Amino acid sequence: MSWLSLTFRIESVHVDLVSDRLLALGALSVDVHDAGEGTDQEQPLFGEPGAPPMKVWEQAEMTALLEENCDISAIMQAVVEVAELAVQPPYNLTPVKEQDWVRLTQSQFEPIQVSQRLWVVPSWHELPDPAAINLRLDPGLAFGTGSHPTTRLCLAWLDANLQAGEKVLDYGCGSGILAIAALKLGAGEVIGIDIDPNAIAASLANARMNNCDPDRLLFSTEFSLSGDSEADAGQFPITVVVANILANPLIVLAPILTHALQPGGRIALSGILEAQADEVLQAYAPWFSMQISASEQGWVLLTGKKRAVCPA
14 MSWLSLTFRI ESVHVDLVSD RLLALGALSV DVHDAGEGTD QEQPLFGEPG
64 APPMKVWEQA EMTALLEENC DISAIMQAVV EVAELAVQPP YNLTPVKEQD
114 WVRLTQSQFE PIQVSQRLWV VPSWHELPDP AAINLRLDPG LAFGTGSHPT
164 TRLCLAWLDA NLQAGEKVLD YGCGSGILAI AALKLGAGEV IGIDIDPNAI
214 AASLANARMN NCDPDRLLFS TEFSLSGDSE ADAGQFPITV VVANILANPL
264 IVLAPILTHA LQPGGRIALS GILEAQADEV LQAYAPWFSM QISASEQGWV
314 LLTGKKRAVC PA
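To convert, take the position in the sequence shown, counting from 1, and add 13; that gives the working numbering.
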């Protein structure tokens, strides 16, 4: 079976109505992206929790996947009508042939070498280095496959700095990749926290895939500093906190992450754009001596050590 890919440009104000109409006319999917992508007109959009909703690019490009025998003229006329356009926008049609979509998707995820001894390897790949520390991770519902710069920054930091036997808190664990890596790198105990139950389910599945010791690795949607939760800091002090989230949540979480960490403990934060670094540094300044320790593709890693004496 084959399909048709229909692509055209449209102003952002019409995107929602046109998307709805295309789906109502039988489109299997509708994709909206920046018409200026890859040019000097490209408009990066980054959404943060608590910030105003993201806007669509001023000039959007829409791609609809359609059945091969559909009436393209009728579909484009519907686009003109619903958007109340004076003229029909130019469009491109591309045939899409039947493929092994599973194999095609898998081909986009290759093993990632984080360091000389640490790899992230999808389950369908052979291990490039069987003697290395290999994290088996497949793409899924939760963030974290090792392909994003912020994940690699955190993994490299753990590899270079984690000491045997330490207790690690991975706040916003997503797929569990950082928590699993910490355990494989020698942590004595690791707690992974995420507010999304889907992330916890993904983390547990990935922990099983990596044969992690369930007595040393715990995932939960709740975290307590008072000992009234299964995931708490009461058994022995947390010495390392790692959080790969986004700038705004990291700023809000500063008191919680600080109080979870024992004096002298270390923290590593990512999910932060270079332009946001100063604001995050200021949020943690009362308790930490922090700095930008690494960067990649416009994202930064902030690390620091908790002071022995901190403000109440």
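We treat Cβ as the ideally placed atom computed from N, Cα and C, and that holds for glycine.
What you are looking at is a predicted structure, and each value in this text was computed from that prediction instead of being measured.
Review point. Which residues mark the beginning and the end of the beta strand (DSSP E) in which N257 is found?
Key: By one-based count along the sequence shown, residue 257 stands at place 244. That run of the beta strand (DSSP E) goes 251-257.
Point to revise | Beta-bridge partners of K318, as assigned by DSSP | key: Here residue 318 is taken as the residue at index 305 of the sequence shown, counted from 1. Per DSSP, R279, S302.
Exercise for review: Excluding the 5 residues preceding and the 5 following E74 in the sequence, name in chain order all residues of the same chain whose CB lies nearer than 6 Å to its CB.
Suggested key: Counting from 1 along the sequence shown, the entry for residue 74 is found at position 61. Result list for E74: R22, H46, A48, in chain order.
Exercise for review: Measuring alpha carbon to alpha carbon, tell me which of A321, L230, D226, P143 ends up nearest D183.
Suggested key: As a working note, residue 183 is residue 170 in the sequence shown. The candidate whose alpha carbon is nearest that of D183 is L230.
Review point. Does the Cβ-Cβ distance between G278 and T316 come in under 7 Å?
Key: The residue labelled residue 278 in the question sits at position 265 within the sequence shown. The residue labelled residue 316 in the question sits at position 303 within the sequence shown. No, these two residues do not count as a Cβ contact at 7 Å.
Exercise for review: Could you round the C-beta distance between E10 and S18 to whole angstroms and report it? I think they count as a contact, below 8 Å.
Suggested key: In this structure the chain extends from 14 to 325, so residue 10 is not present and cannot be described.
Check your understanding: Grouping DSSP H, G and I as helix and E and B as strand, with all else coil, what is W137?
Key -> The residue given as residue 137 occupies position 124 in the sequence shown. Looking at W137 - three-state DSSP - the assignment turns out to be coil, as it is neither helix nor strand.
Practice item. Flag this pair as touching only if the stretch 120-128 and the stretch 81-99 have three or more C-beta atom pairs under 8 Å; answer yes or no. Key: Flag = no, the stretch 120-128 and the stretch 81-99 do not touch.
Exercise for review: Measure from the alpha carbon of C167 to the alpha carbon of each residue in P124, V31, D151, G189, then state which is nearest.
Suggested key: As a first step, residue 167 is located in the sequence shown; it is residue number 154 there, counting from the start. When only C-alpha atoms are compared, the closest one is G189.
Point to revise | Span separating the alpha-carbon of Q176 from that of V254 | key: Taking the first residue of the sequence shown as 1, we reach residue 176 at position 163. Taking the first residue of the sequence shown as 1, we reach residue 254 at position 241. Rounded to whole angstroms, Q176 to V254 spans 13 Å at the Cα level.
Check your understanding: Does the Cβ-Cβ distance between W137 and P124 come in under 7 Å?
Key -> Here residue 137 refers to the residue found at position 124 of the sequence shown. Here residue 124 refers to the residue found at position 111 of the sequence shown. No, they are not a contact pair.
Check your understanding: Tell me, which residues are paired with R22 by DSSP?
Key -> By 1-based counting over the sequence shown, the position of residue 22 is 9. Paired residue(s): E74.
Point to revise | Sequence-distant residues of its chain with Cβ nearer than 8 Å to R320 (five each side left out) | key: For the purposes of this step, residue 320 is taken as the residue at position 307 of the sequence shown. Once the five neighbours on either side are set aside, the close Cβ partners of R320 are P276, W300, F301, S302.
Check your understanding: Which whole-angstrom value describes the C-beta separation of S216 and A192, a residue pair presumed to lie in contact below a C-beta threshold of 8 Å?
Key -> One-based indexing of the sequence shown puts residue 216 at position 203. One-based indexing of the sequence shown puts residue 192 at position 179. Right, the Cβ-Cβ distance comes to about 7 Å (below 8 Å), so this counts as a contact.
Review point. Which partner residues of N261 appear in the DSSP bridge assignment?
Key: In the sequence shown, counting from the first residue as 1, residue 261 sits at position 248. Per DSSP, none; premise fails for N261.
**Study point:** Distance, C186 Cα to I208 Cα
**Key:** Translated into the one-based positions of the sequence shown, residue 208 becomes position 195. Translated into the one-based positions of the sequence shown, residue 186 becomes position 173. C-alpha separation (whole angstroms): 9 Å.
Review point. Can you tell which of R130, H161, S233 has its C-alpha closest to the C-alpha of L314?
Key: Within the sequence shown, the letter at position 301 stands for residue 314. The alpha carbon of L314 has as its nearest neighbour, out of R130, H161, S233, the alpha carbon of H161.
Point to revise | Close beta carbons around F156, own chain, < 6 Å, minus the five adjacent residues each side | key: By one-based count along the sequence shown, residue 156 stands at place 143. Only G187 meet the Cβ criterion.
Review point. CB A145 to CB R165, shorter than 7 Å?
Key: What you label residue 145 is simply residue 132 of the sequence shown in a count that begins at 1. What you label residue 165 is simply residue 152 of the sequence shown in a count that begins at 1. No, Cβ-Cβ distance for A145 and R165 is not below 7 Å.
Review point. Where do the ends of the beta strand (DSSP E) carrying S233 lie?
Key: Counting from 1 along the sequence shown, the entry for residue 233 is found at position 220. Counting along the chain, S233 sits inside the beta strand (DSSP E) bounded by residues 230-233.
Exercise for review: Helix, strand or coil for D44, going by three-state DSSP, please let me know.
Suggested key: Counting from one through the sequence shown, the residue named residue 44 turns up at place 31. If DSSP states are grouped into helix, strand and coil, D44 belongs with the strands.
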